[in-house]
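The structure under discussion appears below in the form of structure tokens.
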RNA sequence: GGGACCGUGGUCAAGCUUGGUACGAUACGCGGUUUGGGUCCGCGUGAUCCCCGGUUCGAAUCCGGGCGGUCCCA
């Protein structure tokens, strides 16, 4: 695409070339701009952040319905708080940003930029917690966290600063916390479901759980490049943090007892990336109507001398849709041709295009074009709003169903290492029998280009043979994949 | 951690071997023309060729060092 031939328009980048496609879409659809002059830090731009905000709102609404209060904790954490829980330090120490100076002076007490907020939150929980009547404590916050990633960074998938929502809760009993884990998982799933994203819910193997957790649940979703994208995690922290931070309360019998805690996080960059990467096509984004900043774009087709009919009719329809609560935009810019506008709004992934020309104006009709299938429907003005909503539903269901079918087509079963290797080479998500021995997991990681991500959490899968690695009795059905 | 590649207008780029301050496209702005799938034409804006040093009359180009970025493998 050197543009040597001026008559040749910019070619669309096929989605098969995912990397190139993705970089192009981020910029063209104003999702994010990766040219910020610090590696691993990305600017969210207008369209992308508008979508992100809608995802954030969905999640926050769910969490608050669950009783999580919204809060905002500071971004800095003192060194001594950060170092209270051993496993936690070990897991994160290598990737924290330190604040060591203020002005010209070295700080007596060094600070870190939160890589996650447990160690910021628990000292406050300790102050707030006196009796069992104070429990549960449930909060959430949407904020940026900082991790000095050493692996290759990629906009929205892996940055050194990323936007997420984290929930933190403290409970009377281990079982209560376990219920909270389930509740959080349900809220997360409902967000992914509304985005039409398919995913697998895995319990991470012990060697890959959150630093300081009893166990970790993760939502892994497919990606066109064959890696899986972890879009959310929920952790039962047992008593690990409660003991380290002395989260105690007086129980009903007047005895001091330790609370038990959970935490969970959803990365909005990755969730947004999944939405883009799953549903997008050669023409650009395809957004689920629920999160599209604009749901319908109205394009008047103007003929010389007849502009007025199309324009005023288009304005009328715009008002009608807006009144009905549809997020519509009227693109009546006279400088561009309809074709130019079609390409542009397709790149933005607007679910429906409404074309109104002299024909429609005369007949009081409208032509609706679906972004996902490009299918055209001619509707009467009187049934426009109703039809628009029907099409939104149809688009959503189509995206969701295609997504599900895609995930299913990527999951393969392998019964020996050769088979596993072959499937990994073709970038599948592979189900294997596993004895549960971490050594076998490490050997698998060593021998193929993927790793054990975990076992199904939401449903039980019974092993069907011997461990793919060592040949001993299989105890679990594990999922192996490439990863970000 | 190991390896490969790359830094030239906002973006994509030619030029680099064989040194002479940069071909284009796209984007953006203005004017006109057109408008049911990227209309065409004209004019214009926009580049310390990543940085520092060296060689040279002269460096985007050659040499040394640095910084930044991308990708692949563990």
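Numbering (the working numbering), first residue to last: 111 to 594.
For glycine and all other residues, C-beta sits at the position ideal for the given N, C-alpha and C.
Next on the checklist: Which of the three DSSP states is assigned to residue 113 in this structure?
Outcome noted: On the first chain, residue 113 is found 3 positions in, with the first residue counted as 1. In this prediction, residue 113 has a pLDDT of 28, which is less than 50 and means its spatial position is unreliable; what the coordinates show is noted afterwards. Three-state result, residue 113: coil.
Next on the checklist: Cutting at 7 angstroms between CB atoms, please list the residues of its own chain near residue 576, excluding the five before and the five after it.
Outcome noted: Against the first chain, residue 576 aligns to sequence position 466. 543, 582, 583 and 584, listed in sequence order.
Next on the checklist: Among 560, 396, 416 and 538, whose alpha-carbon lies nearest the alpha-carbon of residue 508?
Outcome noted: Working through the first chain from its first residue, we reach residue 508 at position 398. Ranking the options by Cα distance to residue 508, first place goes to 396.
Checklist entry - Of all the options 540, 437 and 275, which has the alpha carbon lying nearest to the alpha carbon of residue 381? => result Position 271 of the first chain, counting from 1, holds the residue named residue 381. Nearest option by C-alpha distance: 275.
Next on the checklist: Applying the 10 Å Cβ sphere with the 16-neighbour rule, what's the burial state of residue 308?
Outcome noted: Along the first chain, read from residue 1 onward, the residue named residue 308 stands at position 198. Flag for residue 308 reads buried.
Item to check | Span of the beta strand (DSSP E) around residue 360 | outcome: Position 250 of the first chain, counted from the first residue, corresponds to residue 360. Segment 358-360, the beta strand (DSSP E) holding residue 360.
Checklist entry - For residue 371 versus residue 352, is the C-beta spacing smaller than 8 angstroms? => result As a working mapping, residue 371 is identified with position 261 in the first chain. As a working mapping, residue 352 is identified with position 242 in the first chain. Taking the C-beta atoms as reference points, residue 352 is found nearer than 8 angstroms to residue 371.
Item to check | Extent of the continuous beta strand (DSSP E) run through residue 279 | outcome: Here the question's residue 279 lines up with position 169 in the first chain. Residues 271-281.
Next on the checklist: For residue 374 and residue 336, I'd like the C-alpha separation in whole angstroms.
Outcome noted: Here residue 374 refers to the residue found at position 264 of the first chain. Here residue 336 refers to the residue found at position 226 of the first chain. Their backbone Cα atoms lie some 26 angstroms apart in a straight line.
Checklist entry - Does the Cβ of residue 171 have 16 or more other Cβ atoms within 10 Å, making it buried, or fewer, making it exposed? => result As a first step, residue 171 is located in the first chain; it is residue number 61 there, counting from the start. By the neighbour-count rule (16 or more Cβ atoms within 10 Å), residue 171 is not buried but exposed.
Item to check | Paired residues, beta bridge with residue 107 - DSSP | outcome: Missing from the structure shown is residue 107; the chain here goes from 111 to 594 and no further.
Checklist entry - When you compare each of 139, 512, 148 and 177 to residue 161 by their alpha carbons, which one comes out closest? => result Numbered from its first residue, the first chain carries residue 161 at position 51. It is 139.
Item to check | Whole-angstrom C-beta distance between residue 409 and residue 463, which should lie under 8 angstroms | outcome: Mapped onto the first chain, residue 463 falls at position 353. Mapped onto the first chain, residue 409 falls at position 299. Yes, they are in contact, since the Cβ atoms of residue 463 and residue 409 sit about 6 angstroms apart, within 8 angstroms.
Item to check | Residue burial classification, residue 567 (beta-carbon count within 10 angstroms, cutoff 16) | outcome: The count along the first chain starts at 1 and reaches residue 567 at position 457. With 16 or more other Cβ atoms within 10 Å, it is buried.
Checklist entry - Considering only residues of the same chain and omitting the five flanking positions on each side of residue 112, which have a CB-CB separation below 8 angstroms? => result If you number the first chain from 1, residue 112 lands on position 2. Annotation note: pLDDT 28 at residue 112 (below 50); position unreliable, coordinate value reported separately. Within the same chain, residue 112 has no close Cβ partners at all.
Checklist entry - Are the CB atoms of residue 258 and residue 207 nearer to each other than 8 angstroms? => result For the purposes of this step, residue 258 is taken as residue 148 along the first chain, with counting starting at 1. For the purposes of this step, residue 207 is taken as residue 97 along the first chain, with counting starting at 1. Yes, they are a contact pair.
Next on the checklist: Taking only three categories from DSSP, how would you classify residue 122?
Outcome noted: The count along the first chain starts at 1 and reaches residue 122 at position 12. Residue 122: coil per DSSP, three-state reduction.
Next on the checklist: For residue 379 and residue 264, I'd like the C-alpha separation in whole angstroms.
Outcome noted: By one-based count along the first chain, residue 379 stands at place 269. By one-based count along the first chain, residue 264 stands at place 154. Whole-angstrom Cα-Cα distance: 10 angstroms.
Checklist entry - Can you list, in chain order, the residues of its chain whose CB lies under 7 angstroms from that of residue 476, leaving out five sequence neighbours each side? => result Walking along the first chain from the start, residue 476 turns up at place 366. Here the set comprises 427, 464, 466, 470, 489, 491 and 494.
Checklist entry - Excluding five sequence neighbours on each side, which residues of the same chain lie with their C-beta closer than 6 angstroms to the C-beta of residue 197? => result As a working note, residue 197 is residue 87 in the first chain. So the list reads 321 and 322, once near-sequence residues are dropped.
Item to check | Residue interval of the beta strand (DSSP E) (run including residue 254) | outcome: Here residue 254 refers to the residue found at position 144 of the first chain. Residue 254 -> beta strand (DSSP E) spans 247-256.
Item to check | Among 573, 534, 152 and 564, nearest to residue 522 - alpha-carbon criterion | outcome: Within the first chain, residue 522 is the residue found at index 412, counting from 1. Considering only alpha carbons, the answer is 534.
Next on the checklist: Quick test of the definition: if touching needs 3 or more C-beta pairs under 8 angstroms, does the region 179-198 touch the region 227-237?
Outcome noted: yes
Next on the checklist: Do residue 355 and residue 194 count as a contact pair if the criterion is CB distance below 8 angstroms?
Outcome noted: Counting from one through the first chain, the residue named residue 194 turns up at place 84. Counting from one through the first chain, the residue named residue 355 turns up at place 245. Contact flag set, yes.
Item to check | Proximity below 8 angstroms, CB of residue 178 to CB of residue 249 | outcome: Position 68 of the first chain, counted from the start, is the residue given in the question as residue 178. Position 139 of the first chain, counted from the start, is the residue given in the question as residue 249. It is a contact, given that the beta carbons lie within the stated cut-off.
Item to check | For residue 373, the residue or residues it bridges with in DSSP | outcome: Locating residue 373 in the first chain gives position 263, where the first residue counts as 1. 278 and 345, per the DSSP bridge assignment.
Item to check | Residue environment, residue 557, which counts as buried when at least 16 other CB atoms sit within 10 Å | outcome: Here residue 557 is taken as the residue at index 447 of the first chain, counted from 1. The residue in question, residue 557, is exposed, as its Cβ has fewer than 16 Cβ neighbours within 10 Å.
Next on the checklist: Quick check: what's the CA-CA separation for residue 506 versus residue 303?
Outcome noted: On the first chain, position 396 is the one that residue 506 refers to. On the first chain, position 193 is the one that residue 303 refers to. The straight-line gap from Cα to Cα measures roughly 10 angstroms.
Checklist entry - Leaving out five residues before and five after residue 199 in sequence, what residues of the same chain have Cβ atoms less than 6 angstroms from its Cβ? => result As a working mapping, residue 199 is identified with position 89 in the first chain. Closer than 6 angstroms at the Cβ level, and outside the excluded window around residue 199, lie 193.
Checklist entry - Considering only C-alpha positions, which residue in the set 290, 400 and 281 is nearest to residue 359? => result Reading the first chain from its first residue, position 249 is the one you call residue 359. Ranking the options by Cα distance to residue 359, first place goes to 281.
Checklist entry - Ends of the beta strand (DSSP E) at residue 432? => result Your numbering for residue 432 matches position 322 in the first chain. No beta strand (DSSP E) contains residue 432, which is instead part of the alpha helix (DSSP H) from 417-433.
Checklist entry - Nearest-angstrom Cα distance between residue 298 and residue 328? => result Stepping through the first chain from its first residue, residue 298 is reached at position 188. Stepping through the first chain from its first residue, residue 328 is reached at position 218. Residue 298 and residue 328: Cα-Cα distance of roughly 10 angstroms.
Checklist entry - Expressed to the nearest angstrom, what Euclidean distance is found between the alpha-carbon atoms of residue 472 and residue 518? => result Position 362 of the first chain, counting from 1, holds the residue named residue 472. Position 408 of the first chain, counting from 1, holds the residue named residue 518. Cα to Cα, the separation comes out at about 48 angstroms.
Checklist entry - Helix or strand or just coil, what does DSSP make of residue 135? => result Numbered from its first residue, the first chain carries residue 135 at position 25. Helix at residue 135.
Checklist entry - DSSP three-state call for residue 188: helix, strand or coil? => result Residue numbering aside, residue 188 sits at position 78 when the first chain is read from its first letter. Here residue 188 sits in strand by DSSP.
Item to check | Bounding residues of the beta strand (DSSP E) (the contiguous stretch that carries residue 366) | outcome: Translated into positions along the first chain, residue 366 becomes position 256. Here the beta strand (DSSP E) through residue 366 covers 366-368.
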